[in-house]
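For my numbering, add 169 to where a residue sits in the sequence shown, where the first one is 1. Idealized CB from N, CA, C, for every residue including glycine.
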Amino acid sequence: MEYNFREIEKKWQEYWIANGVYKVKENKDKPKYYVLDMFPYPSGAGLHVGHPLGYIASDIYSRFKRLQGFNVLHPMGYDAYGLPAEQYAIQTGQHPEVTTKQNIARYREQMDKIGFSYDWSREIRTCEPEYYHWTQWAFIKMFNSYYCNDEKKALPIDSLIEAFEAVGTEGLNVACGEEMSFTADEWKAKSDKEKQEILLNYRIAYLGDTMVNWCSELGTVLANDEVVNGVSERGGFPVEQKMMRQWCLRVSAYAQRLLDGLDTIDWTDSLKDTQRNWIGRSEGAEVNFKVKDSDLEFTIFTTRADTMFGVTFMVLAPESELVEKLTTPEQKQEVDAYLERTKKRTERERIADRQVTGVFSGSYAINPFTGDAVPVWISDYVLAGYGTGAIMAVPAHDSRDYAFAKHFNLPIIPLIEGCDISEESFDAKEGIVCNSPRPDVTPYCELSLNGLTVKEAIAATKKFVAEHKLGRVKINYRLRDAIFSRQRYWGEPFPVYYDANGLPQMLPMEALPLQLPEVDKFLPTATGEPPLGHATKWAWDSVNKEVVETSKIDNKTIFPLELCTMPGFAGSSAYYLRYMDPHNNKGLVDKDVNGYWRNVDLYIGGTEHATGHLIYSRFWNKFLYDMGVICEDEPFQKLINQGMIQGRSNFVYRIKDTNTFVSLNLKDQYEVTPIHVDVNIVSNDILDIEAFKNWRPEYHTAEFILEDGKYVCGWAVEKMSKSMFNVVNPDMIVDKYGADTLRLYEMFLGPLEQSKPWDTNGIDGVHRFLKKLWALFYGNTESLQITDAEPTAEELKSLHKLIKKVTFDIEHFSFNTSISAFMICINELGSLKCNKRAILEQLIILLAPFAPHTAEELWHVCGHTTTICDAPWPQHNEEYLKENSVIYAISFNGKVRFNLELPADMPREEVEKVALSHESSAKWMEGKTPKKVIVVPGKIVNIVI
């Protein structure tokens, strides 16, 4: 019977849906396992073959765990809010919701064709009010909370207000933006407006002035990863740094817990290191510097207070509020010009760029250790959000300070006598032992650093700073608070209105969800307000607790609603929790349900989310844990980053100033221009000439110089992209070879976590493998050839070798080697002409996670009436893997002369006797008596003559 994959796959996809095979519910009689994919943003282009890589891997693992007896939660949904749909709406006038629904339908159609085991009854879309209800709910909770450093958790803001009323700020150790000091009486004397403004300094969700990436063409703030080389990733529009009042989340309060949590989860070391570096914990000291000839002073943070004697200049971040205060009139024009230039660079670009730029402020600061006056410069290698936005520069002992000093001809003072200062002399890990400070410093600050190690010197200096009230010891983090506002339409609305004082107030919980209103334009208003400014019904009636017409705003009982929307990561920060209980209209997730599923056991997604989504999700999860909503502190126990499937681009070569194209191996004879060509009209690097002529109007009259009657294209491995015409649609592969072939081939390309090029030249081999499997059941006949005969030892050995290998490989995510093992086993069983039920049924259970359609079909033709998804996973038996005989290499004086097959359990003495008495041995011994016989059991016999 022919292997008709089209009929088979359609049949079983319909069966799985009709019988709810993949629906799952809590079952305390089974152990749970939660497998999650990073859910997609549904773009208009649909899936290309690179997208399903992680989905196929997670599907294999989900099916495997189910076969092992686990109750597996494997959901899917859509990150449905975002900039692309809104930009399309601006260009076409079509509502983003319409576009998004169309794109989702396309994604769903493509995913269904591949045969994923998703429980679609749990599907979520972040743009649906039923979902973002709980994003708004969490935001209100954050607004009404603060972070207590002593208890290391979020607490209700009401308890902070009680503390202010009782003792003011005395003894409080809480996360805040600006350190404040007031008594209880002073607090009580403040107006309600003043109190609300003070509380914003402590709330976990707060309004604050912050530097952002502003793109005026797109009319919105962009995240760092949405900006490339100073322009927006989408559209290529200019981006500048701008101070704006934004909603922020106090992620920085959780910095230490985010660090500590990395020790409890099973992630790769490289990913953990990326997060540790992003969080950036530093132990150091804040030191106060006075400005020369002024009453001003400012604070710097340093991890190397022991190098204070080597400070030769100070540097301010361009965004620092000190810039305006310290810039002298003589330097103002030059400083302003520099600030204008730096606006166009993001912080990420500034960190990566080693180019030296800067400008002198005109002011000098006094080194509190030496009394020296040092110049204050401004440079974009200093960031406003790290430390205090000001640094002391020690060019003899810091590579960037050194480069800056050399560029601007500033002094370099080594702290070690006679040391040769150069860029190569820096030890970034250990620093330089500070064993000979400047002997000319008077007074010597009562501190001798002679002979101290770096760690000892740092500790001694920090102690000195604290004792002499020059500053204070402090732990600092590089992690910033998350900017949470976007000046866009297509996003979650904030549940916020503004009272008569212009201060934010939260909507009551019972009024949620606050739904996105209709607008007639998706651009900012004429006065520069976000698109929600066009809404005619976007005001809050605080008496009737409902949204009313904007025209009714009186700032007495009816107030304006927030015009910004939440960013994309708002909807993706807790979606894994909603999957547990997607239809709950009373809470994000029921406590008992969360108590069963707990957290994600396996999360698969791309490395690009290491410092964005994965940080925000962990923060969001920890906050909900503090609120007692969920039972686990970390959301994702194990994380796998799949590699990227790269495109295999093809090229044609046009002869200069002609419409003639020359084949690859003849191109060096001409002056040619390589042109990307659609890979879908190329097969095994041979161009379909007629298809090429029809591809674009300008090629209708194209002429060709061929080799051997064919046009051979060039090729290169590049990122899969529409602009390079190397995007391969998985639908085309499924239509031609079947979904099971696609699934197997994507895994066969190479290790899951490595990037690899897509090359359809090898897909035929995988398809032939499935045909060989089919032939084991049907042979060359139309009827099933399977028998109930007892399997042979060789057949059992081949099967159990496969069971052991595939089980190990799946558990270690080595799917490519599993497929190689399947191919070897099928070849072995084919050679043995095996058609035994005891072998083949176990074989298709092993194959079911990889090729579920084919496995389900063969399972049922073998007489089973229930799905193969619930079959028990085979267990290997070591007895079947034992070798009955082994091959010994018989060597004379170290040279192998012949081989002997002997029983595997033959004693050493017997092996020696058989080897010596063999007729071939007589030839090589030539009648001599062996001096020594060395037997290596199971391997070799060496006879020394």
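Considering only the beta carbon of each residue, do residue i and residue j sit closer than 8 Å?
{"i": "Val408", "j": "Leu391", "result": "yes"}
{"i": "Pro1099", "j": "Ile1109", "result": "no"}
{"i": "Val193", "j": "Asp288", "result": "yes"}
{"i": "Leu672", "j": "Lys310", "result": "no"}
{"i": "Thr950", "j": "Asn1004", "result": "no"}
{"i": "Ile1059", "j": "Ile1037", "result": "no"}
{"i": "His782", "j": "Phe738", "result": "yes"}
{"i": "Leu495", "j": "Val551", "result": "no"}
{"i": "Gln806", "j": "Ser654", "result": "no"}
{"i": "Phe573", "j": "Val525", "result": "yes"}
{"i": "Leu440", "j": "Leu771", "result": "no"}
{"i": "Arg294", "j": "Tyr247", "result": "yes"}
{"i": "Thr705", "j": "Thr696", "result": "no"}
Which residue comes first and which comes last in the alpha helix (DSSP H) that contains residue i?
{"i": "Asn863", "result": "858-864"}
{"i": "Asn272", "result": "265-283"}
{"i": "Tyr794", "result": "782-795"}
{"i": "Glu503", "result": "501-511"}
{"i": "Thr261", "result": "252-261"}
{"i": "Gln1011", "result": "1006-1016"}
Check the DSSP bridge columns for residue i and list the partner residues they point to.
{"i": "Asn240", "result": "Lys201"}
{"i": "Met483", "result": "Val545, Met561"}
{"i": "Arg823", "result": "Phe830, Thr842"}
{"i": "Ala871", "result": "Bridge partners of Ala871: none, in fact."}
{"i": "Glu876", "result": "Lys879"}
{"i": "Cys384", "result": "Thr389"}
{"i": "Phe467", "result": "Phe458"}
{"i": "Arg426", "result": "Arg426 pairs with nothing; no bridge assigned."}
{"i": "Arg519", "result": "Partner(s): none; Arg519 has no beta bridge."}
By Cβ distance, which residues of its chain are closer than 7 Å to residue i, with the 5 residues on each side in sequence left out?
{"i": "Leu965", "result": "Tyr1049"}
{"i": "Glu1010", "result": "Cys1031"}
{"i": "Asp281", "result": "Gln182"}
{"i": "Tyr230", "result": "Val204, Leu771, Ile979"}
{"i": "Ala908", "result": "Glu178, Lys282, Ile283, Gly284, His1022"}
{"i": "Phe788", "result": "Val420, Tyr423, Leu427"}
{"i": "Leu953", "result": "Phe946, Tyr947, Val1030"}
{"i": "Tyr613", "result": "With a pLDDT of 29 at Tyr613, under the threshold of 50, the modelled position of this residue cannot be trusted; read the value that follows with caution. Correct list: empty, nothing qualifies."}
{"i": "Val381", "result": "Val390, Lys411, Met413, Gln415, Ile652"}
Would you call residue i buried or exposed, if buried means 16 or more other Cβ atoms sit within 10 Å of its Cβ?
{"i": "Ser1086", "result": "exposed"}
{"i": "Pro960", "result": "buried"}
{"i": "Phe529", "result": "buried"}
{"i": "Arg175", "result": "exposed"}
{"i": "Val336", "result": "exposed"}
{"i": "Ser463", "result": "exposed"}
{"i": "Arg912", "result": "buried"}
{"i": "Gly587", "result": "Note on Gly587: pLDDT 42, under 50, position unreliable in the model; the coordinate value appears next. Exposed, by the Cβ-count rule."}
{"i": "Cys384", "result": "buried"}
{"i": "Ile1103", "result": "exposed"}
{"i": "Val634", "result": "buried"}
{"i": "His227", "result": "The sequence given here has Ser at residue 227, not His. Ser227 should be labelled buried."}
{"i": "Gly600", "result": "Low local confidence applies: a pLDDT of 37 at Gly600 is under 50, so the model's placement there is unreliable, and no value is given."}
{"i": "Val563", "result": "buried"}
{"i": "Val716", "result": "buried"}
{"i": "His969", "result": "buried"}
Beta-carbon within less than 8 Å of residue i's beta-carbon, same chain only, minus the 5 sequence neighbours each way: which residues are those?
{"i": "Asp978", "result": "Phe984, Thr986, Ser987, Ala990"}
{"i": "Ile469", "result": "Glu455, Val456, Phe458, Met483, Gly556, Thr557, Ala559, Ile560, Met561"}
In terms of residues, what are the limits of the beta strand (DSSP E) holding residue i?
{"i": "Met412", "result": "409-418"}
{"i": "Cys994", "result": "No beta strand (DSSP E) contains Cys994, which is instead part of the alpha helix (DSSP H) from 984-1000."}
{"i": "Ala708", "result": "708-710"}
{"i": "Leu1071", "result": "1064-1072"}
{"i": "Ile722", "result": "Element bounds for Ile722: n/a, residue is neither H nor E."}
{"i": "Ala1058", "result": "1054-1061"}
{"i": "Gly556", "result": "Where Gly556 is concerned, there is no enclosing beta strand (DSSP E), given that its DSSP letter is neither H nor E."}
I want to see whether chain D comes within less than 8 Å of residue i, judged by CB atoms only; does it?
{"i": "Val193", "result": "Among the chains in the structure shown there is no chain D, since it carries only a single protein chain."}
Going by beta carbon distance, what residues of the same chain come within less than 6 Å of residue i, once the five residues before and after it are set aside?
{"i": "Thr829", "result": "Glu872"}
{"i": "Gly1107", "result": "Val1055"}
Under 7 Å from any heavy atom of the ligand MG, does the C-beta of residue i make it?
{"i": "Trp789", "result": "For the structure depicted, the ligand MG is absent and the ligand set is empty, with no information on it obtainable."}
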